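Student: Residue 378 is where the sequence shown starts when you use the working numbering, and the numbers rise one by one after that.
I am attaching a structure below and will ask some questions about it afterwards.
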Amino acid sequence: MRKSLIAGCLASLFTGSFSFGQELYVPRDVKKAYENETRSESGKPGKNYWQNSAKYKIDLQVNPPSRTVKGSEEIIYTNNSPNTLNSLNFKLILNNHKPGAARLGQASEDYMTNGIEIDSYSENGTKKEWNSKNDGTNKMIKLDTPLQPGESVSLSIDWHFDVSKQSGREGAILENTFFLAYFYPRVAVYDDYMGWDTMTFFGMQEFYNDFNDYEISVNVPEDFIVWSTGDLLNAEEVLQKKYAKKLEKSMQSDEVIRIATPEDLQKKEITQDGNNTWKWKVSNITDVAIAISNEYNWDAASVVVDSTSNRRVSVQAAYDNVSEDFHEMVNYGQHALNWFSHHYPGIAYPYSKSTLVRGHGDMEYPMMVNDNSHGEPELARFVAEHEIAHTYFPFYMGTNETRFGFMDEGWATTLEHLIGIEDLGEENAIESFKGFRVQRWISDDNMEQDVPIITPSNILSGPVYRNNSYGKAALGYLALKDMLGDELFKKALQGYMDRWNGKHPIPWDFFYSINDISGKDLNWFWDSWYFEPNHIDFEIKKVTQNDNSVEVLVANIGGMPAPFDVKLTFADGSSKNIHQKSTIWENAEDEFSIQIKTDKEVEAVTLEGGIWMDATPENNTWKK
Ligand SMILES: [Zn+2]
């Protein structure tokens, strides 16, 4: 660490130009992106930045309780890269259900299916062979005609798959209630620094998707209601008038409207007669998910997310009547959308709707959430808030969550804590965050826990993946907020989001953007928090009482530049808290001497980190 500090100073001496004191580790593929000017060292997208995109027209036929889903899609995929593409890589995530699939964990018999079976495939109208037998979660198909820069290819695919009996992120929740995710063959991301995303899906990774346009239609039997990502185009065609009216009314209503109650479901007069084809449309979005049921309640209301334009967003919930917490879910959703839009990140919710579905996923999708039912209302609200926070990261921001989980789970965890302070009060929110997000990491001295956060998430598993992506990363973002102050932190965060929303930022785009927008060289902080095998551990080495001051010598044993309070207890029984921001560690890596003015006699000194829990709190107190 010291070595690179000196190297950085020497570099600026020789070039005579402004250079950051400390260089961050930059992998070779990212350096190449700087050379190609697709990205830049200011953190802005480079002048040659590009990304590919596609238009999907997807038709599904679902006929519960049969778990077989038939799909057909037309894809127009456009190559915006400067390279000729000889092949296309398809993502077939549901092949993780195949018996021989590579998986991180044990899978039950109820999880097994035959995966996605391709019935027909054509390129620019020409049929081609596609044998699904040995397909994994990626399938590279050589194109008959290479796809030149700026050109598009049109693809037609028919497929079928069985919804898994076991419901998690997707699957059959009840006999007649399905949650569909990853349900269509999707062209993988081809990006400017790694090329094709060929990462195998092991059951844990989440999203890395292009921004696409979707038209979706789902054909279901009478009485089935369908919820999906996107705007419902034909409510009056699929719903009976009374119910279409209720849905329409909810779009302007703060109050929750019970569109379909158990009584309504019993009467079977909600949908139009016969099979219905529900249709949606949505643009510039990274994925779609769908829920189908003839036994779920349906609630809806809306909430203003933009006070200037008064734009309202629909909030809907679909759930079985026994899930008590879901009766309140629309209220939780309204609260989350309102708070995230107006406070942190302080950007109006970017979509027209959020639908919360009772399933078993605790999993976010664009405009959709698949959550478990939780006995405790506070826990139900907490999980809903976390999943809705993902709207911004990874969906609005298009981050590669499969590789850099901390760019998305870390922010969802940060936002979850900030809204938690509003919900629970600061003290309770801190205790809850410590227990849920920090304790298991900081109390575990296994070396795996020290693996730096920047390590690609796809090569991690278990607690290390979780701690690196969620708690450790969020503590860094919250330390940044503490260090910059609310105003500058928000300006820098929103500036980064403004630069990169709808694109594919990587960690260096984030770090350099925050440096650039805040006008501060924070590489020392990024390096210690995100690139080094550090943890939080301070120790009081020495306390010296002088006439008008007290000097507290603190050693940073763990290496993370976390903030903390110094609590002085005086002989007269009074006490005083002095906050120390991360900044104290900018130039003092190992030890820092804190000078505090006081005439009083000090009896005891304690370092208190709050959410920034210390690995060995026993050496954080000095007593006279
Ligand atoms: Zn999450």
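All C-beta atoms, glycine included, are put in the ideal place defined by N, C-alpha and C.
Values in this document were obtained by computation on a predicted structure and should not be read as measured data.
Unbroken beta strand (DSSP E) runs of length 3 or more, entirely within the stretch 907-934: which are they?
Tutor: Correct list: 915-922, 926-933.
Student: Can you grab the Cα-Cα spacing for the pair M744 / V633, in whole Å?
Tutor: Spanning the two alpha carbons is a distance of roughly 18 Å.
Student: With distances taken Cα to Cα, identify the nearest neighbour of M628 among V680, W877, I971.
Tutor: When only C-alpha atoms are compared, the closest one is V680.
Student: Going by C-alpha distance, which of A479, G802, I662 is nearest F579?
Tutor: Of A479, G802, I662, the residue nearest in Cα terms is A479.
Student: Using three-state DSSP, classify I971 as helix, strand or coil.
Tutor: If DSSP states are grouped into helix, strand and coil, I971 belongs with the strands.
Student: DSSP has L532 in a bridge; who is on the other side?
Tutor: I452, E500.
Student: For R635, which residues does DSSP report across the bridge?
Tutor: Note: R635 sits in a beta bridge opposite D676.
Student: Name the DSSP beta bridge partners of Q438, please?
Tutor: The partner list for Q438 (beta bridge, DSSP) reads K447, N596.
Student: Would M581 pass as a contact of L481 if the rule is Cβ separation under 7 Å?
Tutor: Going by C-beta atoms, M581 is nearer than 7 Å to L481.
Student: Which of the three DSSP states, helix, strand or coil, is assigned to Q957?
Tutor: Strand at Q957.
Student: Three-state secondary structure (DSSP) at A725?
Tutor: Coil.
Student: P523 lies in the beta strand (DSSP E); which residues open and close that run?
Tutor: Start and end: 515-524.
Student: Here's a check: name, in chain order, each residue in its chain whose Cβ is nearer than 6 Å to the Cβ of F810, leaving out the five neighbours to either side.
Tutor: Hits under 6 Å: H794, I988.
Student: Go ahead and pull the three-state DSSP assignment for L801.
Tutor: Note: L801 maps to helix in three-state DSSP.
Student: Does the Cβ of E793 lie closer than 6 Å to at least one heavy atom of ligand 1?
Tutor: Checking every heavy atom of ligand 1 against the Cβ of E793, none is found closer than 6 Å.
Student: Counting by C-beta, which residues lie closer than 5 Å to a heavy atom of ligand 1, in chain order?
Tutor: Taking each Cβ in turn, the ones that pass are E786, A789.
Student: Would you report the Cα separation of A410 and N460, rounded to the nearest angstrom?
Tutor: Each residue's Cα considered, the two are about 14 Å apart.
Student: Can you check whether the CB of V943 is closer than 7 Å to the CB of I971?
Tutor: The answer is yes: Cβ separation under 7 Å.
Student: Provide the residue span of the beta strand (DSSP E) that contains R688, from first to last.
Tutor: R688 -> beta strand (DSSP E) spans 688-696.
Student: Quick one: complete alpha helix (DSSP H) runs, 4+ long, within the stretch 605-652?
Tutor: Qualifying alpha helix (DSSP H) stretches, in chain order: 612-615, 618-627, 639-644.
Student: For Y433, tell me which candidate among Q826, D535, I593 has the shortest Cα-Cα distance.
Tutor: Among Q826, D535, I593, the Cα nearest to that of Y433 is on I593.
Student: Evaluate contact between the stretch 883-899 and the stretch 861-873, counting only Cβ atoms and requiring at least three cross-stretch pairs below 8 Å.
Tutor: Verdict: yes, contact present.
Student: Just checking my contact of I807 with A713 at CB under 8 Å: how many whole Å lie between their CB atoms?
Tutor: With a Cβ gap of about 20 Å, I807 and A713 do not count as contacting.
Student: Rounded to the nearest angstrom, what separates D967 and K919 at their Cα positions?
Tutor: Looking at the two C-alpha atoms, the distance is approximately 14 Å.
Student: Among A695, D697, A766, Y742, which has the Cα closest to the Cα of Y726?
Tutor: Checking every option, the nearest Cα to that of Y726 belongs to A766.
Student: Taking the CB atoms as reference points, tell me whether S430 and F588 lie closer together than 7 Å.
Tutor: Yes.
Student: Within this structure, are the beta carbons of V1018 and A694 separated by less than 7 Å?
Tutor: Because the chain is modelled from 378 through 1001, residue 1018 falls outside the range shown and cannot be assessed.
Student: Among residues of its own chain, excluding the 5 on either side of K505, which ones have a beta-carbon nearer than 6 Å to its beta-carbon?
Tutor: Counting only Cβ-Cβ distances below 6 Å, and skipping sequence neighbours, we find Y498.
Student: Answer yes or no: do V931 and F915 have a C-beta to C-beta separation smaller than 7 Å?
Tutor: Closer than 7 Å, so yes.
Student: Would K849 and I831 qualify as a contact pair, given that the criterion is a beta-carbon distance under 7 Å?
Tutor: No.
Student: Taking only the alpha-carbon atoms, compute the straight-line gap between E414 and Y620 and give it to the nearest angstrom.
Tutor: E414 and Y620: Cα-Cα distance of roughly 53 Å.
Student: Helix, strand or coil, according to DSSP, for V682 in the structure here?
Tutor: Looking at V682 - three-state DSSP - the assignment turns out to be strand.
Student: For the stretch 720-776, which segments carrying the beta strand (DSSP E) assignment without a break, of at least 3 residues, lie completely within its bounds, in sequence order?
Tutor: For the stretch 720-776, whole beta strand (DSSP E) runs of length 3 or above, ordered along the chain, are 730-735, 740-742, 745-748.
Student: With DSSP as the reference, identify every bridge partner of W999, one or two as the case may be.
Tutor: Answer is V982.
Student: Going by DSSP in three states, R416 sits in which element: helix, strand or coil?
Tutor: Reduced to three states, the DSSP call for R416 is strand.
Student: Does the stretch 525-541 come close enough to the stretch 483-495 to have 3 or more Cβ pairs within less than 8 Å?
Tutor: The stretch 525-541 vs the stretch 483-495: in contact.
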